[in-house]
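Let me begin by presenting the structure, written as structure tokens, before commenting on it.
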Amino acid sequence: MENGQIRNLIRKFISERPRNTAEISAWVNSQDSSQTPRSDIASILELDANIVRIGTVRRSGIAGKEYPLSEWATDEWVAYHERKEPGKEEMK
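All residue numbers for the sequence shown refer to our numbering, where the first residue is 3 and numbers rise by one.
Spelled out as structure tokens, the structure:
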């Protein structure tokens, strides 16, 4: 499966809620028989302008630096769920 196709699949998968790299990788592998490596998934996500890294997921028991376990969302999801910053008047 080509990177463009993978990006489109991932955008649809994370459009409802953010997902971490491991969830995305497992889901892509279940959709595609070519078994795209997880490190490639992170690279694909980082290069897509419509996908945003919103945080890092910390899990106990993970050792090594195989790939970053980050949480990803679409830019539309982030814009919709973004909190408004309180104005100066609200802070008084």
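Just so it is clear, CB atoms sit at the ideal spot from N, CA and C, and this is done for glycine as well.
- For S17, no alpha helix (DSSP H) segment is defined, and its DSSP state is neither H nor E.
- Taking each of G6, N52 and A51 in turn and checking the Cα distance to V30, the smallest one comes out for G6.
- Pairing I16 with W74 gives a Cβ-Cβ distance under 8 Å.
- Here I26 has I12, F15, I16, I43, L47 and W74 as same chain residues with Cβ atoms under 8 Å from its own Cβ, once five neighbours each way along the sequence are excluded.
- In the three-state reduction of the DSSP assignment, V80 falls in the helix class, which pools H, G and I.
- Listed in chain order, the non-local C-beta contacts of V80 below 8 Å within the same chain comprise V54 and I56, local neighbours out to five positions each way being set aside.
- When C-alpha distances from R21 are compared across S72, D50 and Q33, the shortest belongs to S72.
- Excluding five sequence positions before and after N52, the CB atoms of its chain that fall closer than 7 Å to its own CB belong to R13, T76 and D77, given in chain order.
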